[in-house]
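**Student:**
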Amino acid sequence: MDSYDAPELTLRQSAFSRPEGICATPLQKRLESVRKQTSSVPTPPRRRIPQCPQVQEDVDPQKVAFLLHKQWTLYSLTPLYKFSYTNLKEYSRLLSAFIVAEKQKGLAVEVGEDLNIKVIFSILLGVKGTQRDPEAFLIQILSKSQFPSENREGKVLWTGWFCCVFGDNLLETVLEDFTCLPLFLANGSESNTAIIRTWFQKTFDCYFSPLAINAFNLSWMAAMWTACKMDHYVAATEFLWSVPCNPQSLNISYAIHPEDAKALWDSVHKTPGEVTQEEVDLFMDCLGSHFHRHFKIHLSATRLVCVSTSVASAHTDGKIKILCHKYLIGVLAYLTELAIFQIE
Amino acid sequence: MDETVAEFIKRTILKIPISEMMTVLKAWNFLPENQLQTINFRQRKESVIQHLLLLCEEKCASINDAALLDIVCTQVHRHKKIWDVFRMSKEPGDDVDLFDMNQFKSSFKKVLQRALKNVTVSFRETEENEVWIRVAWGTHYTKPQQYKPTYVVYYPQTPYVFTSSRLTRNITLLGQALTIASKHHEIVKMDLRSRYLDSLKAIAFQQYNQVFEIHNSTLPLQERRLALDSRIIHENRVEKERVQRITQESFGDYPQPQLEFAQYKLETKFKSDVNGGILAERKEPLRCLIKFSSPHLLDALKSLAPAGIADAPLSPLLTCIPKKKMNYFKIRDK
Numbered sequence: 000m001d002s003y004d005a006p007e008l009t010l011r012q013s014a015f016s017r018p019e020g021i022c023a024t025p026l027q028k029r030l031e032s033v034r035k036q037t038s039s040v041p042t043p044p045r046r047r048i049p050q051c052p053q054v055q056e057d058v059d060p061q062k063v064a065f066l067l068h069k070q071w072t073l074y075s076l077t078p079l080y081k082f083s084y085t086n087l088k089e090y091s092r093l094l095s096a097f098i099v100a101e102k103q104k105g106l107a108v109e110v111g112e113d114l115n116i117k118v119i120f121s122i123l124l125g126v127k128g129t130q131r132d133p134e135a136f137l138i139q140i141l142s143k144s145q146f147p148s149e150n151r152e153g154k155v156l157w158t159g160w161f162c163c164v165f166g167d168n169l170l171e172t173v174l175e176d177f178t179c180l181p182l183f184l185a186n187g188s189e190s191n192t193a194i195i196r197t198w199f200q201k202t203f204d205c206y207f208s209p210l211a212i213n214a215f216n217l218s219w220m221a222a223m224w225t226a227c228k229m230d231h232y233v234a235a236t237e238f239l240w241s242v243p244c245n246p247q248s249l250n251i252s253y254a255i256h257p258e259d260a261k262a263l264w265d266s267v268h269k270t271p272g273e274v275t276q277e278e279v280d281l282f283m284d285c286l287g288s289h290f291h292r293h294f295k296i297h298l299s300a301t302r303l304v305c306v307s308t309s310v311a312s313a314h315t316d317g318k319i320k321i322l323c324h325k326y327l328i329g330v331l332a333y334l335t336e337l338a339i340f341q342i343e
Numbered sequence: 000m001d002e003t004v005a006e007f008i009k010r011t012i013l014k015i016p017i018s019e020m021m022t023v024l025k026a027w028n029f030l031p032e033n034q035l036q037t038i039n040f041r042q043r044k045e046s047v048i049q050h051l052l053l054l055c056e057e058k059c060a061s062i063n064d065a066a067l068l069d070i071v072c073t074q075v076h077r078h079k080k081i082w083d084v085f086r087m088s089k090e091p092g093d094d095v096d097l098f099d100m101n102q103f104k105s106s107f108k109k110v111l112q113r114a115l116k117n118v119t120v121s122f123r124e125t126e127e128n129e130v131w132i133r134v135a136w137g138t139h140y141t142k143p144q145q146y147k148p149t150y151v152v153y154y155p156q157t158p159y160v161f162t163s164s165r166l167t168r169n170i171t172l173l174g175q176a177l178t179i180a181s182k183h184h185e186i187v188k189m190d191l192r193s194r195y196l197d198s199l200k201a202i203a204f205q206q207y208n209q210v211f212e213i214h215n216s217t218l219p220l221q222e223r224r225l226a227l228d229s230r231i232i233h234e235n236r237v238e239k240e241r242v243q244r245i246t247q248e249s250f251g252d253y254p255q256p257q258l259e260f261a262q263y264k265l266e267t268k269f270k271s272d273v274n275g276g277i278l279a280e281r282k283e284p285l286r287c288l289i290k291f292s293s294p295h296l297l298d299a300l301k302s303l304a305p306a307g308i309a310d311a312p313l314s315p316l317l318t319c320i321p322k323k324k325m326n327y328f329k330i331r332d333k
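These protein sequences, in sequence, are chains A and B.
Heads up: the first sequence runs through residues 0 to 343, numbered per numbering that gives the first Met the number 0.
Heads up: the second sequence runs through residues 0 to 333, numbered per numbering that gives the first Met the number 0.
Below you can see the structure in the form of structure tokens.
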């Protein structure tokens with residue numbers, strides 16, 4: 000069904016006017032139709048198990064090594080208006096000036112904070128799913144070296160990156176002036192993140208929204224990441240549940256040896272190359288029933304807050320840590336999907 | 000006054016909040032009351048410390064005086080340490096000797112001094128028949144490290160000893176000193192650990208379940224609540240009362256001792272009637288490590304069944320914690 004005929008004209012018109020949240024952009028219309036489709040057709044969702052991606056040749060393991068083993072706070076981001084990859088140096092300059100100005104205003108000054116900073120925009124090659132995904136890019140705030148004679152870069156104070164991995168499946172109709180990088184990851188002080196967000200919102204008319212991860216998606220992540228083939232495991236498969244009891248809080252940490260978790264998954268898993276809803280449910284049920292057998296506590300009545308595997312770990316507050324280079328793209332693909340569904 | 004002593008006293012006092020200083024200094028009982036009255040506690044902390052150091056200098060404070068101050072501070076902030084529990088035992092047939100505090104102290108000190116030569120040992124007895132021991136460890140060639148001491152709390156006439164768990168190297172030596180000095184044969188570490196020393200005491204001595212049975216125990220608490228408004232009909236009333244009664248039986252009617260975690264190392268096979276066939280052929284058990292944590296673990300566990308989150312009766316693995324005096328468990332299939 001082609002729902003894009005009528006809005007075609009309005010499309011061109013709105014390209015010259017800044018889009019507000021009120022009028023539906025083609026992106027929004029597309030998301031609507033996808034949502035309607037999935038809700039009316041009751042087939043259970045299936046997802047690919049993260050395999051090594053096709054564009055792996057472009058991913059330089061050394062270049063993306065710094066993305067691993069760091070905790071990133073997640074945001075979803077609406078498309079950027081009139082963003083250009085050729086203007087990165089200009090953006091570096093403008094953002095740098097903006098940060099200094101904001102901090103001097105006294106709005107976000109921490110005691111002893113160094114205002115001698117440098118901002119660098121750079122492209123992250125290979126951090127994408129298909130060729131149609133826009134290039135990922137990275138921003139770093141560095142403190143300028145105190146001794147100008149030294150050639151070394153200063154200390155990294157804050158890092159943030161924007162990416163879109165296999166996003167084009169859901170973002171088919173994209174206007175020319177828009178760049179869609181729905182996933183934003185930040186590491187560093189909250190005040191710096193806030194300043195960056197403000198600048199982007201002003202400059203590219205976009206909107207950031209913290210990306211929380213609910214228990215349903217955490218379970219999917221746990222199952223998918225347990226399913227990944229690993230040469231060796233660096234961590235146990237661990238779940239953290241928060242129990243809503245009064246007046247004292249109770250947290251339950253449930254760690255299972257990664258080989259045993261994999262054995263359980265292999266026993267549950269039936270369809271090769273795909274992960275189904277039933278399999279995820281069964282996997283979680285088995286863990287729950289093993290727990291119940293010993294403790295008589297129903298984990299299903301509690302809240303899943305964090306999952307951690309050798310591939311990656313994720314927290315419900317929208318925090319992620321990626322531990323394995325091989326599955327970086329797979330993890331980002333799932334997060335991109337979550338980000339896109341959050342954008343309205 | 001030795002420089003190291005002055006520095007040690009200074010660092011110890013720095014950790015005390017101004018509001019508590021008077022109490023601590025009085026308990027220390029080194030500086031006389033009239034001198035303490037001359038200190039202005041409203042000025043900046045650095046000035047207070049300077050004044051105190053001067054007074055200590057005048058009185059020629061020694062390392063032992065400083066060590067006693069450290070004990071007092073630790074007693075006030077005992078929750079800042081994590082405590083391990085040890086149990087000593089006598090040989091069957093050993094005589095029950097009368098306990099002599101002075102003999103215990105000198106014997107304990109002798110064992111450590113003979114082995115290490117450089118060690119600072121200090122004792123502080125309290126009225127509740129407990130003795131706090133502070134040991135700063137050195138070696139034959141190095142002076143005692145005053146900033147990483149071990150604290151031991153011992154109750155004479157009982158087999159229980161509580162230690163602040165910073166021990167790695169000298170644990171065997173400490174065990175020897177304790178058993179020899181207290182005329183025991185053996186010392187064993189229990190699987191019990193917590194920040195709350197008083198709760199550990201209550202569990203070790205099984206004193207947590209002594210409650211005056213004054214209230215009307217025939218009518219369960221739940222029913223009393225349920226009977227408040229006759230217009231409200233409660234579903235599953237019978238079931239709720241059953242749960243309440245069973246919870247009461249498992250946990251008792253008294254305040255629970257305070258623990259902050261329980262840890263279970265499980266090596267058990269996966270068995271499930273519902274998810275039949277899963278891992279059916281697997282001989283190996285699932286290796287799991289489960290940790291429950293809460294500001295007040297036993298209270299939280301007690302509330303689970305009434306809240307519908309757990310079955311009643313709750314698993315004995317959880318309810319046995321105070322009775323078995325354990326919060327670390329290793330569970331295997333029989």
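Every residue, glycine too, gets a C-beta built ideally from N, C-alpha and C.
For A214(A), go through chain B and note every residue whose CB falls closer than 7 Å to its CB, in chain order.
**Tutor:** Along the first sequence, read from residue 1 onward, the residue named residue 214(A) stands at position 215. Per Cβ cutoff of 7 Å: no residues; A214(A) is ~15 Å from chain B at best.
**Student:** Tell me the rounded alpha-carbon separation between K364(B) and F290(A).
**Tutor:** Absent from the structure is residue 364(B), since the part of chain B shown begins at 0 and ends at 333.
**Student:** Let me confirm a value: F238(A) is counted as buried when at least 16 other C-beta atoms fall within 10 Å, else exposed. Which label applies?
**Tutor:** By one-based count along the first sequence, residue 238(A) stands at place 239. So F238(A) counts as buried.
**Student:** Using a Cβ-Cβ cut-off of 8 Å, state whether A309(B) counts as contacting chain A.
**Tutor:** As a first step, residue 309(B) must be located in the second sequence, where it is residue number 310. Output row for A309(B): interface = yes.
**Student:** Report the partner residues of V120(B) according to the DSSP bridge assignment.
**Tutor:** As a position in the second sequence, residue 120(B) is number 121, starting the count at 1. According to DSSP, which records beta bridges pairwise, V120(B) is partnered with V134(B).
**Student:** What residues from the segment 246-279 of chain A come within 7 Å of chain B, judged by C-beta to C-beta, listed N to C?
**Tutor:** Listed in sequence order: Q247, S248, L249, N250, I251, S252, Y253, A254, I255, H256, D259, A262, L263, S266 and V267.
**Student:** By the criterion of Cβ-Cβ separation under 7 Å, what are the contact partners of A306(B) in chain A?
**Tutor:** The residue you call residue 306(B) lines up with position 307 of the second sequence. Neighbours of A306(B) on chain A, chain order: C244.
**Student:** With DSSP as the reference, label A261(B) as helix, strand or coil.
**Tutor:** Start at 1 with the first residue of the second sequence, and residue 261(B) comes out as number 262. Correct three-state label for A261(B): strand.
**Student:** I'd like the list of long-range same chain contacts for L210(A), defined as Cβ closer than 7 Å, with 5 residues on each side in sequence excluded.
**Tutor:** Along the first sequence, one-based indexing puts residue 210(A) at 211. Contacts found: L73, Y74, S75, G317, L337, A338 and Q341.
**Student:** With three or more C-beta pairs closer than 8 Å as the rule, is the segment 123-137 of chain A touching the segment 92-102 of chain A?
**Tutor:** No, they do not touch.
**Student:** What residues of chain D sit near T225(A), judged by a beta carbon separation below 7 Å?
**Tutor:** Reference to chain D is not applicable here, since the protein chains of this structure are A and B.
**Student:** Is there at least one Cβ from chain B nearer than 8 Å to R131(A)'s Cβ?
**Tutor:** Here the question's residue 131(A) lines up with position 132 in the first sequence. So no, R131(A) is outside the interface.
**Student:** Can you look up R77(B) in the DSSP assignment and give me helix, strand or coil?
**Tutor:** Locating residue 77(B) in the second sequence gives position 78, where the first residue counts as 1. Of the three classes helix, strand and coil, the one that applies to R77(B) here is helix, per DSSP.
**Student:** Entirely within the segment 220-256 of chain A and at least 3 residues each: give me those beta strand (DSSP E) ranges in chain order.
**Tutor:** Fully enclosed beta strand (DSSP E) runs of 3 or longer: 236-242 and 249-255.
**Student:** Spell out the partners DSSP gives K350(B) in its beta bridges.
**Tutor:** Past the edges of chain B, shown from 0 to 333, lies residue 350(B), and the structure says nothing about it.
**Student:** Could you give the residue range of the alpha helix (DSSP H) that holds G159(A)?
**Tutor:** If you number the first sequence from 1, residue 159(A) lands on position 160. From DSSP, G159(A) is part of no alpha helix (DSSP H) but of the beta strand (DSSP E) over V155 to C162.
**Student:** Are the CB atoms of Y326(A) and C244(A) within a distance shorter than 8 Å?
**Tutor:** Residue mapping note: residue 244(A) aligns to position 245 of the first sequence, counting from 1. Residue mapping note: residue 326(A) aligns to position 327 of the first sequence, counting from 1. Cβ distance not < 8 Å, so C244(A) and Y326(A) don't count as in contact.
**Student:** Go ahead and label S88(B) buried or exposed: buried means 16 or more other beta carbons lie within 10 angstroms of its beta carbon, across all protein chains shown.
**Tutor:** Counting from one through the second sequence, the residue named residue 88(B) turns up at place 89. S88(B) should be labelled exposed.
**Student:** Buried or exposed: which applies to L313(B), given that a residue is buried once 16 or more other Cβ atoms fall within 10 Å of its Cβ?
**Tutor:** For this step, residue 313(B) is matched to residue 314 along the second sequence. Classification for L313(B): buried.
**Student:** Looking only at its own chain, which residues have a Cβ that is under 8 Å from the Cβ of L286(A), when we skip the five neighbours before and after it?
**Tutor:** To locate residue 286(A), count along the first sequence from 1; it is residue 287. F238, Y253, I255, L263 and L298.
**Student:** Do you know whose CA, among E127(B), K108(B), E126(B) and W131(B), lies nearest V120(B)'s CA?
**Tutor:** Locating residue 120(B) in the second sequence gives position 121, where the first residue counts as 1. Nearest C-alpha to V120(B): K108(B).
**Student:** L317(B) versus chain A: which residues are under 7 Å apart at the beta carbon?
**Tutor:** Counting from one through the second sequence, the residue named residue 317(B) turns up at place 318. In chain order: F294.
**Student:** I'd like the span of the alpha helix (DSSP H) that includes K25(B), first residue to last.
**Tutor:** Within the second sequence, residue 25(B) is the residue found at index 26, counting from 1. Start and end: I17 to W27.
**Student:** Comparing C-alpha positions only, which one of V134(B), E127(B), L35(B) and Y146(B) sits nearest to K14(B)?
**Tutor:** For this step, residue 14(B) is matched to residue 15 along the second sequence. Checking every option, the nearest Cα to that of K14(B) belongs to Y146(B).
**Student:** At a Cβ threshold of 8 Å, is H78(B) touching chain A?
**Tutor:** Residue mapping note: residue 78(B) aligns to position 79 of the second sequence, counting from 1. Chain A, which has no Cβ nearer than 8 Å to the Cβ of H78(B), makes this no.
**Student:** Which chain B residues are close to T301(A), counting only those with a beta carbon under 9 Å from its beta carbon?
**Tutor:** Position 302 of the first sequence holds residue 301(A). Simply I308.
**Student:** Does the separation of the CB atoms of L182(A) and C205(A) fall below 8 Å?
**Tutor:** Translated into the one-based positions of the first sequence, residue 182(A) becomes position 183. Translated into the one-based positions of the first sequence, residue 205(A) becomes position 206. Contact flag unset, no.
**Student:** Look up K14(B) in the DSSP assignment and say whether it is helix, strand or coil.
**Tutor:** Numbered from its first residue, the second sequence carries residue 14(B) at position 15. The answer is coil: DSSP assigns K14(B) none of H, G, I, E or B.
**Student:** With a floor of 3 residues, list each beta strand (DSSP E) that falls wholly inside the segment 68-130 of chain A, ordered by position along the chain.
**Tutor:** Here the runs fully enclosed are 70-76 and 116-123.
**Student:** Assuming F204(B) contacts T157(B) (C-beta within less than 8 Å), just tell me the rounded distance between them.
**Tutor:** Working through the second sequence from its first residue, we reach residue 204(B) at position 205. Working through the second sequence from its first residue, we reach residue 157(B) at position 158. F204(B) to T157(B), Cβ: 7 Å. Contact.
**Student:** Cα separation between L137(A) and K239(B)?
**Tutor:** Position 138 of the first sequence, counted from the start, is the residue given in the question as residue 137(A). Position 240 of the second sequence, counted from the start, is the residue given in the question as residue 239(B). So the two alpha carbons sit approximately 57 Å from each other.
**Student:** If you count every other CB in all the chains shown that lies within 10 Å of the CB of F161(A), and 16 or more means buried, which is it?
**Tutor:** Within the first sequence, residue 161(A) is the residue found at index 162, counting from 1. F161(A) comes out buried.
**Student:** Is it true that the CB of F29(B) sits closer than 8 Å to the CB of A60(B)?
**Tutor:** Locating residue 60(B) in the second sequence gives position 61, where the first residue counts as 1. Locating residue 29(B) in the second sequence gives position 30, where the first residue counts as 1. Going by C-beta atoms, A60(B) is nearer than 8 Å to F29(B).
**Student:** Looking at the C-beta of H314(A), does it have a partner C-beta in chain B at a distance below 8 Å?
**Tutor:** Start at 1 with the first residue of the first sequence, and residue 314(A) comes out as number 315. Answer no: the Cβ-Cβ gap between H314(A) and chain B never drops below 8 Å.
**Student:** Report the three-state DSSP secondary structure of S46(B) (helix, strand or coil).
**Tutor:** As a first step, residue 46(B) is located in the second sequence; it is residue number 47 there, counting from the start. Helix at S46(B).
**Student:** For a contact meaning CB atoms closer than 9 Å, what does I277(B) contact in chain A?
**Tutor:** For the purposes of this step, residue 277(B) is taken as residue 278 along the second sequence, with counting starting at 1. Here the neighbours are L263, S266, V267, L281 and C285.
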